[in-house]
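K.L.:
There's a structure below that I have some questions on.
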Amino acid sequence: MTAGVNCLTSSAGDAAGLHQFRYTAADFGRIRELIYRWAGISLNPNKQQMVYSRLARRLRLRGIASFAAYIDLVERGEPGETEEFINALTTNLTSFFREPHHFPILARHLEELLPLRRPLTIWSSAASSGEEPYSLAMTMVELFGSFTPPVRIHATDIDTSALERGRRGIYPTERVKELSPARMKRFFLRGEGKNAGYVRVKPELQWLVTFGRLNLLDERWPLAERFDAIFCRNVMIYFDKETQYQVLKRFVPRLQPEGLLFAGHSESFHQAGDLFRLCGKTVYAPCHPA
Numbered sequence: 247m248t249a250g251v252n253c254l255t256s257s258a259g260d261a262a263g264l265h266q267f268r269y270t271a272a273d274f275g276r277i278r279e280l281i282y283r284w285a286g287i288s289l290n291p292n293k294q295q296m297v298y299s300r301l302a303r304r305l306r307l308r309g310i311a312s313f314a315a316y317i318d319l320v321e322r323g324e325p326g327e328t329e330e331f332i333n334a335l336t337t338n339l340t341s342f343f344r345e346p347h348h349f350p351i352l353a354r355h356l357e358e359l360l361p362l363r364r365p366l367t368i369w370s371s372a373a374s375s376g377e378e379p380y381s382l383a384m385t386m387v388e389l390f391g392s393f394t395p396p397v398r399i400h401a402t403d404i405d406t407s408a409l410e411r412g413r414r415g416i417y418p419t420e421r422v423k424e425l426s427p428a429r430m431k432r433f434f435l436r437g438e439g440k441n442a443g444y445v446r447v448k449p450e451l452q453w454l455v456t457f458g459r460l461n462l463l464d465e466r467w468p469l470a471e472r473f474d475a476i477f478c479r480n481v482m483i484y485f486d487k488e489t490q491y492q493v494l495k496r497f498v499p500r501l502q503p504e505g506l507l508f509a510g511h512s513e514s515f516h517q518a519g520d521l522f523r524l525c526g527k528t529v530y531a532p533c534h535p536a
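What follows is the structure in structure tokens.
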């Protein structure tokens, strides 16, 4: 996603160096305000060059000569461009069974809920390109010994391009190199011929996951049910404390009374002690279930 730089046309205080497109400190300020307003992402001031690299491709594709003109287009609500703007500035760092201690905890938790005799539900709220929800699906198949476990997995993300990769379920082989041979055989198909070097999630695993776009900052979330587990890992670090609190507050009524919230290893919610209590390594339970 990183764009090349060709000629000197920048006036961003010379901090950004050589650029193909005119890019000023004021442009960066407008971008910071927009991505915060639309996605809750609080961009560090030192991310000026990263922003240029990620958005320059959009200017090139649209034939626009300056960032100011591009931002004007985005602010006018050009069809599809707001989505592309958000996609470009969203960070998608993920892997299969990332932070692996969470998956046995989830399995034990759901096993304890079986006497309730109802379908179990999991929400992967920052699903990126699908590695997390497919890891959840694999965990459920292994727990119940069947590709038809009594579990529904909803996978959402703000980035539509990442979601599309998740729906396809096709990954370079290096993305699955840490998985055991047994899991590879059970859950993936290896590509051959022109597809060599890639693997595909087996259809019976894909059927366990429903993908859909959701912005955690949207006024309404298009989810009707309450969840037994919500995974929101390594996304809160991009929000300021107030935004974190507001999102966490909205999670409470989305959890079943005995539900659990799984967070990322670098995230802590001390400012939301009235909402969630720590009950395991980066695992939280609501203080006052809704």
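Residue numbers for the sequence shown follow my numbering, beginning at 247 and rising by one. The beta carbon of each residue, even a glycine, is placed where N, CA and C say it ideally should be.
On the criterion of 16 or more Cβ atoms from any shown chain inside 10 Å, does GLU471 qualify as buried, or is it exposed?
P.N.:
Here residue 471 refers to the residue found at position 225 when the sequence shown is read from its first residue. GLU471 comes out exposed.
K.L.:
May I have a chain-ordered list of the alpha helix (DSSP H) segments no shorter than 4 residues that lie completely inside the stretch 434 to 497?
P.N.:
You should have 449 to 452, 487 to 497.
K.L.:
Mind checking TRP369: buried by the 16 CB within 10 Å criterion, or exposed?
P.N.:
Counting from one through the sequence shown, the residue named residue 369 turns up at place 123. When all chains shown are included, TRP369 counts as buried.
K.L.:
Label ALA475 either buried or exposed according to how many other C-beta atoms from any shown protein chain fall within 10 Å of its C-beta, with 16 as the threshold for buried.
P.N.:
As a working note, residue 475 is residue 229 in the sequence shown. Buried.
K.L.:
In three-state DSSP terms, what is ASP405?
P.N.:
Stepping through the sequence shown from its first residue, residue 405 is reached at position 159. ASP405: coil per DSSP, three-state reduction.
K.L.:
So is LEU488 buried or exposed if we call it buried at 16+ other beta carbons inside 10 Å?
P.N.:
For the purposes of this step, residue 488 is taken as residue 242 along the sequence shown, with counting starting at 1. It should be pointed out that residue 488 corresponds to Glu in this sequence rather than to Leu. Its Cβ having fewer than 16 others within 10 Å, GLU488 is exposed.
K.L.:
Quick check: what's the CA-CA separation for GLY376 versus ILE399?
P.N.:
To locate residue 376, count along the sequence shown from 1; it is residue 130. To locate residue 399, count along the sequence shown from 1; it is residue 153. Approximately 11 angstroms between the Cα atoms of the pair.
K.L.:
Among SER381, LEU507, ILE287, LEU389, whose alpha-carbon lies nearest the alpha-carbon of LYS527?
P.N.:
By one-based count along the sequence shown, residue 527 stands at place 281. Per the Cα distances, LEU507.
K.L.:
Which residues bound the alpha helix (DSSP H) around ILE317?
P.N.:
Within the sequence shown, the letter at position 71 stands for residue 317. Element bounds for ILE317: 313 to 321.
K.L.:
Within its chain, find whatever has a CB closer than 7 angstroms to the CB of ARG436; leave out the 5 residues flanking it on each side and keep chain order.
P.N.:
On the sequence shown, position 190 is the one that residue 436 refers to. Result list for ARG436: VAL445, in chain order.
K.L.:
Using a Cβ-Cβ cut-off of 6 angstroms (strictly less than) and excluding sequence neighbours within five positions of LEU280, which residues of its own chain qualify?
P.N.:
Here residue 280 refers to the residue found at position 34 of the sequence shown. If we look at LEU280 and ignore the five residues flanking it on each side, it has no Cβ neighbours.
K.L.:
Our contact map puts PHE457 next to ALA372 with C-beta atoms below 8 angstroms; I'd like the distance itself, whole angstroms only.
P.N.:
Within the sequence shown, residue 457 is the residue found at index 211, counting from 1. Within the sequence shown, residue 372 is the residue found at index 126, counting from 1. Wrong, their Cβ atoms sit about 13 angstroms apart, outside the cutoff.
K.L.:
Could you give the DSSP three-state label for THR394: helix, strand or coil?
P.N.:
In the sequence shown, the residue the question calls residue 394 occupies position 148. Three-state result, THR394: coil.
K.L.:
Indicate the three-state DSSP secondary structure (helix, strand or coil) for TYR298 in the structure shown.
P.N.:
Here residue 298 corresponds to residue number 52 of the sequence shown, with the count starting at 1. Note: TYR298 maps to helix in three-state DSSP.
K.L.:
Please report the distance separating the alpha-carbon of PHE349 from that of ALA383.
P.N.:
To locate residue 349, count along the sequence shown from 1; it is residue 103. To locate residue 383, count along the sequence shown from 1; it is residue 137. For PHE349 and ALA383, the distance between alpha carbons rounds to 10 angstroms.
K.L.:
Is the CB-CB distance between LEU339 and GLU327 below 8 angstroms?
P.N.:
To locate residue 339, count along the sequence shown from 1; it is residue 93. To locate residue 327, count along the sequence shown from 1; it is residue 81. No. Outside cutoff.
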